[in-house]
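Participant: What follows is a single structure, and I will ask about it in a moment.
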Amino acid sequence: MNEIPTTKPVFAFQFPSSGKSLLPADFLYQDEAGFGRISKLGSCWSPKNYRPNISSHLIREFRYCYGAVDAHTGESFFIIAGGCNTAWMNEFLRQLSEAYPNDYIILVMDNAIWHKSQALEIPDNIAFAFIPPYTPEMNPIEQVWAEIRKRGFKNRAFQTLESVIDKLQEIIRGLNNETLKSIVHRKWVCSDFEIE
Numbered sequence: 001m002n003e004i005p006t007t008k009p010v011f012a013f014q015f016p017s018s019g020k021s022l023l024p025a026d027f028l029y030q031d032e033a034g035f036g037r038i039s040k041l042g043s044c045w046s047p048k049n050y051r052p053n054i055s056s057h058l059i060r061e062f063r064y065c066y067g068a069v070d071a072h073t074g075e076s077f078f079i080i081a082g083g084c085n086t087a088w089m090n091e092f093l094r095q096l097s098e099a100y101p102n103d104y105i106i107l108v109m110d111n112a113i114w115h116k117s118q119a120l121e122i123p124d125n126i127a128f129a130f131i132p133p134y135t136p137e138m139n140p141i142e143q144v145w146a147e148i149r150k151r152g153f154k155n156r157a158f159q160t161l162e163s164v165i166d167k168l169q170e171i172i173r174g175l176n177n178e179t180l181k182s183i184v185h186r187k188w189v190c191s192d193f194e195i196e
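Numbering (the UniProt record's numbering), first residue to last: 1 to 196.
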């Protein structure tokens, strides 16, 4: 018997709306994060006996990034949105569904109010699984946001909101599947499916 080796688990999941046969499903970890002109200060290097001089300001202009990452392959999907609400969540779900029309996706997410809204329009090829309340450590995409902030938002003062969006796009484009997989891969997720 020749089995095709895979590094990605195949999960069987039944579409809730029909009694059809079980189909493979992809588990993606989903979350949102805000990026804006309020400076995020952090440690940095400077010559000995010199105090670093870092520009900062508190201008409250933000954009929000919705993302979903597969912890087994590093495959990802991101959009930059104007807010965190049901309307933008619907747009994210619509675009994700259109990007992967032949896949059944289970989004593992937190309990944000817009994730459970009655007005949420969930496409037929997407289902939700919720992590327990107040447990961001169970959602590996949180470390993706930390990596993005480290790469382009620490100790930076942005003159315009457009420059924030440009930097966010640049960093996301620079995150390839292997990099994302190294950030979000969790032994405890893979151990249930005997994956290394």
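All residues carry an ideal CB built from backbone N, CA and C; glycine is no exception.
With N139 and D110 assumed to form a contact (beta carbons below 8 Å), what rounded beta-carbon distance in angstroms separates them?
Facilitator: At roughly 6 Å, the Cβ-Cβ gap stays under 8 Å, so N139 and D110 are in contact.
Participant: Given V184, which residues of its chain have a CB within under 6 Å of its CB, disregarding the five upstream and five downstream residues?
Facilitator: Only V69, A71 and P140 meet the Cβ criterion.
Participant: How close, in whole Å, do the beta carbons of A129 and I113 come, if the pair is a contact with beta carbons under 8 Å?
Facilitator: Not really, about 17 Å apart at Cβ, beyond 8 Å.
Participant: Helix, strand or coil: how does DSSP classify F153 here?
Facilitator: In this structure, F153 counts as coil in the three-state DSSP scheme.
Participant: For H115, tell me which candidate among D103, N102, P133 and P101 has the shortest Cα-Cα distance.
Facilitator: With distances taken between Cα atoms, H115 lies closest to P133.
Participant: Looking at F78: is its Cβ nearer than 8 Å to the Cβ of I172?
Facilitator: Taking 8 Å as the Cβ cut-off, F78 and I172 qualify as a contacting pair.
Participant: Spatial neighbours of V164 within its chain, please: CB distance less than 7 Å, with the 5 preceding and 5 following residues excluded, ordered by chain position.
Facilitator: Around V164: F35, G36, R37, R63 and F158.
Participant: From this set, F153, E147 and P136, which residue's C-alpha is nearest T179's C-alpha?
Facilitator: The residue with the shortest Cα to Cα distance from T179 is E147.
Participant: What separation, rounded to the nearest whole angstrom, lies between the Cα atoms of R186 and W88?
Facilitator: Approximately 29 Å between the Cα atoms of the pair.
Participant: What's the gap between the Cα of P47 and the Cα of F153?
Facilitator: Distance between the alpha carbons of P47 and F153 is about 22 Å.
Participant: Bridge partners for F130 per DSSP, in chain order?
Facilitator: Looking at the DSSP assignment, F130 forms a beta bridge with M109.
Participant: How big is the Cα-Cα spacing for P101 and Y50?
Facilitator: In a straight line, the C-alpha of P101 is about 56 Å away from that of Y50.
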